[in-house]
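Engineer:
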Amino acid sequence: MSLDSFLLFFEALGVIAFALSGIIEAARKQFDLVGVVMIGAIAAFGGGTLRDVLLDRRPFFWVEQEAWVWALIVAGLSLPFFFRARHIEFTEKAMMVPDAFGLGIFAAGGTHIALVTGQSPMIAVLMGVITAVVGGILRDVMVNEVPRAFHDHQPYAVIAFAGGWLVVLLSYLQTPEYVDVLVAAIAMVAVRLVAVRFGLKLSPWRLF
Amino acid sequence: MSLDSFLLFFEALGVIAFALSGIIEAARKQFDLVGVVMIGAIAAFGGGTLRDVLLDRRPFFWVEQEAWVWALIVAGLSLPFFFRARHIEFTEKAMMVPDAFGLGIFAAGGTHIALVTGQSPMIAVLMGVITAVVGGILRDVMVNEVPRAFHDHQPYAVIAFAGGWLVVLLSYLQTPEYVDVLVAAIAMVAVRLVAVRFGLKLSPWRLF
Amino acid sequence: MSLDSFLLFFEALGVIAFALSGIIEAARKQFDLVGVVMIGAIAAFGGGTLRDVLLDRRPFFWVEQEAWVWALIVAGLSLPFFFRARHIEFTEKAMMVPDAFGLGIFAAGGTHIALVTGQSPMIAVLMGVITAVVGGILRDVMVNEVPRAFHDHQPYAVIAFAGGWLVVLLSYLQTPEYVDVLVAAIAMVAVRLVAVRFGLKLSPWRLF
């Protein structure tokens, strides 16, 4: 598999993961079908779009490959039947798993894209953080909750930040590019899932 | 009337409609004069500005024709006297009427603009939806409510979506451009007003 | 001191002031360290970034001088110790002081930047208002509150608006550029602090 098609496939996974997190979140809030699809779209495309606006990259990936948009609409229309058939509950926990995958994939991919376009390491890492967290922040703002990324006291953005530096480090070590991205993403997803599973907490700032 | 001046006049109607919806919403929340003008501006210019950022069109229409900005300030200053003199109440229903007009006008106009700049039909329709719903979403987020577009279970974004495809269809049929836009806009406003009047509902997603 | 280095130093003060306002706000809400740093960053960089997106200026100042990002992280890590050692309380009032400085500095600086890039006076003044208020609006939206700029009935955006016109006026009078900016900023900070101190209120719109 070429690097380009690897990255495309990889970004696809992130889009799917975040779209799923948005769909679950909106369904929990009893939104209607249109609201569910829109929250899914915002969660999936929000971070990457802001990154591309900040880096002045055009056209956006979802404009270039509009298949994403069709896929999202089909998912929004078909998933309810699937979820109902399987008696899957829309719990906050159910949302956490795709969210963790989206976090790792988008942070690694976003950092990589920014490095390739010639940004300095610090800015590239920040772009990775933005790619990874902005979709989720917008998703939470839209359902009128304080964004989890700021508030739930579990490591989230900090994982994207550390993982981004891992991408930078691996790229200095001249590892093949898809290895950089893949290793960092897997590490981030693993750390996030462990943190959620065992309830690891960051202390509130004033007690820090 | 030339096509360009028609489109300008048409966009003007949409700006006025959404500005009015924002002004009513902010007045209902007891905002001060400045807050009312700012929410009006966000509702009126938010959707078109995001569309232009996404399509990379500069300068924005409100930068090119700053008369809009002056008009909005004058409206914010003078409307209170008008409303008080007429004993018009700021009810949620009062907000729905200009909102419906803004929806139809911006969805049709936004789709048209994106088609003209060479976007594919699906992306053009999405740009129409974004133009039409983002102003209202920002308006509702700013007053700390869950955006009605996601949550009130009445068809809103889906009308913009279907109406956008009507613009696309009419443009394939080689109708004069202002007919495309006008017919689609009128259809959308009518459907929205009927939906609000008779309380048509979309079912929540999980019961879908 | 040259004009450029004056403006850089001046913008630095605004970034620090707004970052501090965001840090205090997030600490009041018991956010964790990462949330505090992120809210600080959003408050500090949000307004200037939107202004630059609207004016199509690239790269953003925080991309060009990434020292800002490092400084913010260090501040987020070290300030808790400082605040605890001094027994400084995170009250809403404590937040108001840096917020007032950020308001004056960013409104004057943003108006100046837009004038230099050739915008008309009205658009330049609006860009100053956007630079000054958007960071604070995003900060408040992120902690799930109605933005103070709209709602607290104290003059805020209107000070940025009037102060922007003062910059325009002074620039017509051919005063040296840093005098324009400095005089207008000092005037705005003073008016805002007086308004907060003595509880000056704008009346709600419907009683206007």
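Chains as they are written, first to last, in the working numbering: chain L, 348 to 555; chain F, 348 to 555; chain Z, 348 to 555. Note that beta-carbon positions come from the ideal geometry of N, C-alpha and C, so glycine has one too. Here the structure is a predicted model, which means the values were calculated and not measured.
Output, in sequence order along the chain, the residues in the stretch 391-412 of chain L whose CB is closer than 9 Å to any CB in chain F.
Structural biologist: Listed by position along the chain: 396, 400, 403, 405, 406, 407, 409 and 410.
Engineer: Of all the residues that make up the stretch 452-468 of chain F, which are near chain Z by a beta-carbon distance shorter than 9 Å?
Structural biologist: Residues: none.
Engineer: CB residue 336 of chain F to CB residue 361 of chain F, shorter than 8 Å?
Structural biologist: Outside the shown range of chain F, which is 348 to 555, sits residue 336 of chain F, and nothing can be said about it.
Engineer: Using a Cβ-Cβ cut-off of less than 8 Å, give me the residues of the stretch 482-495 of chain Z that come near chain F, in sequence order.
Structural biologist: Residues 484, 488, 491, 492, 493 and 494.
Engineer: Just how far apart, CA to CA, sit residue 416 of chain L and residue 450 of chain L?
Structural biologist: Roughly 20 Å between the two C-alpha positions.
Engineer: Run down chain F in chain order and give the residues with a C-beta less than 7 Å from the C-beta of residue 549 of chain Z.
Structural biologist: Here the neighbours are 379, 380 and 381.
Engineer: Just verifying my parser: in three-state terms, what is the DSSP assignment at residue 562 of chain F?
Structural biologist: Since the first residue of chain F shown is 348 and the last is 555, residue 562 of chain F is not available in this structure.
Engineer: Let me check understanding here. Comparing Cα to Cα, which of F/527, F/501, F/371 and F/494 lies closest to residue 438 of chain F?
Structural biologist: Minimum Cα distance to residue 438 of chain F is reached at F/371.
Engineer: Are the C-beta of residue 477 of chain L and some C-beta of chain Z separated by less than 8 Å?
Structural biologist: No, residue 477 of chain L lies away from the interface with chain Z (no Cβ there is under 8 Å from its Cβ).
Engineer: Skipping 5 residues on each side, what residues in its chain have a beta carbon closer than 6 Å to that of residue 474 of chain L?
Structural biologist: Only 398, 457 and 461 meet the Cβ criterion.
Engineer: Given that residue 386 of chain F touches chain Z, what residues does it touch there, using C-beta distances under 7 Å?
Structural biologist: Near residue 386 of chain F (Cβ distances below 7 Å), the residues of chain Z are 497.
Engineer: Contact criterion: CB-CB distance below 8 Å. Does residue 373 of chain F meet it with respect to chain Z?
Structural biologist: Cβ-Cβ to chain Z under 8 Å: yes for residue 373 of chain F.
Engineer: For residue 528 of chain L and chain F, any beta-carbon pair shorter than 8 Å?
Structural biologist: So no, residue 528 of chain L is outside the interface.
Engineer: Mind checking if residue 538 of chain L is an interface residue toward chain Z, Cβ cutoff 8 Å exclusive?
Structural biologist: So no, residue 538 of chain L is outside the interface.
Engineer: Is the Cβ of residue 362 of chain F closer than 8 Å to any Cβ of chain Z?
Structural biologist: By this cut-off, residue 362 of chain F is not an interface position.
Engineer: Inspect the CB distances between the stretch 500-511 of chain F and the stretch 370-385 of chain L and report whether three or more fall short of 8 Å.
Structural biologist: Counting Cβ pairs under 8 Å, three or more are found: they touch.
Engineer: At which residues does the alpha helix (DSSP H) containing residue 405 of chain L begin and terminate?
Structural biologist: No alpha helix (DSSP H) contains residue 405 of chain L, which DSSP labels as neither H nor E.
Engineer: Given a cut-off of 8 Å, decide if residue 464 of chain Z and residue 402 of chain Z are closer than it, judged by their beta-carbon atoms.
Structural biologist: Yes, the pair counts as a contact, with Cβ atoms nearer than the cut-off.
Engineer: Could you pull the start and end residues of the alpha helix (DSSP H) that residue 513 of chain L belongs to?
Structural biologist: Here the alpha helix (DSSP H) through residue 513 of chain L covers 504-519.
Engineer: Would residue 480 of chain L pass as an interface residue toward chain F - the criterion being a Cβ-Cβ separation below 8 Å?
Structural biologist: Answer no: the Cβ-Cβ gap between residue 480 of chain L and chain F never drops below 8 Å.
Engineer: Could you tell me the distance, in whole angstroms, from the CA atom of residue 555 of chain Z to the CA atom of residue 367 of chain F?
Structural biologist: Only weak support exists for where residue 555 of chain Z lies, its pLDDT of 44 falling under 50; the coordinates are left without a value.
Engineer: If I measure Cβ to Cβ from residue 494 of chain F and keep anything under 6 Å in the same chain, skipping five residues before and after, which residues do I get?
Structural biologist: 484 and 487.
Engineer: What does residue 416 of chain L reach in chain F if we use C-beta pairs closer than 7 Å?
Structural biologist: Within 7 Å Cβ-Cβ: 469 and 473.
Engineer: Anything in chain Z within Cβ reach of residue 505 of chain L, meaning under 7 Å, just list it in chain order.
Structural biologist: Chain Z residues near residue 505 of chain L: 381.
Engineer: Since residue 548 of chain F is in the alpha helix (DSSP H), which residue starts that stretch and which ends it?
Structural biologist: Here residue 548 of chain F belongs to no alpha helix (DSSP H), and DSSP marks it neither H nor E.
Engineer: Pull up the CB-CB distance for residue 514 of chain Z and residue 528 of chain Z, whole angstroms please, since I reckon it's below 8 Å.
Structural biologist: Yes, residue 514 of chain Z and residue 528 of chain Z are in contact; Cβ-Cβ is about 7 Å, under 8 Å.
Engineer: Since residue 349 of chain F is in the alpha helix (DSSP H), which residue starts that stretch and which ends it?
Structural biologist: Segment: none, residue 349 of chain F is in no alpha helix (DSSP H) and carries neither H nor E.
Engineer: Would you call residue 358 of chain Z buried or exposed, if buried means 16 or more other Cβ atoms sit within 10 Å of its Cβ?
Structural biologist: By the 10 Å Cβ count, residue 358 of chain Z comes out buried.
Engineer: Under the rule that 16 or more other beta-carbon atoms within 10 Å means buried, what is residue 546 of chain Z, buried or exposed?
Structural biologist: With fewer than 16 other Cβ atoms within 10 Å, it is exposed.
Engineer: Compute the Euclidean distance between the alpha carbons of residue 557 of chain Z and residue 428 of chain L, then round it to the nearest angstrom.
Structural biologist: Any property of residue 557 of chain Z remains undetermined from this structure, which presents chain Z solely from 348 to 555.
Engineer: Under a CB-based cut-off of 8 Å, is residue 544 of chain Z close to chain F?
Structural biologist: Cβ-Cβ to chain F under 8 Å: no for residue 544 of chain Z.
Engineer: Comparing C-alpha positions only, which one of L/521, L/491 and L/482 sits nearest to residue 389 of chain L?
Structural biologist: Ranking the options by Cα distance to residue 389 of chain L, first place goes to L/482.
Engineer: Given a cut-off of 8 Å, decide if residue 543 of chain F and residue 447 of chain F are closer than it, judged by their beta-carbon atoms.
Structural biologist: Yes, these two residues count as a Cβ contact at 8 Å.
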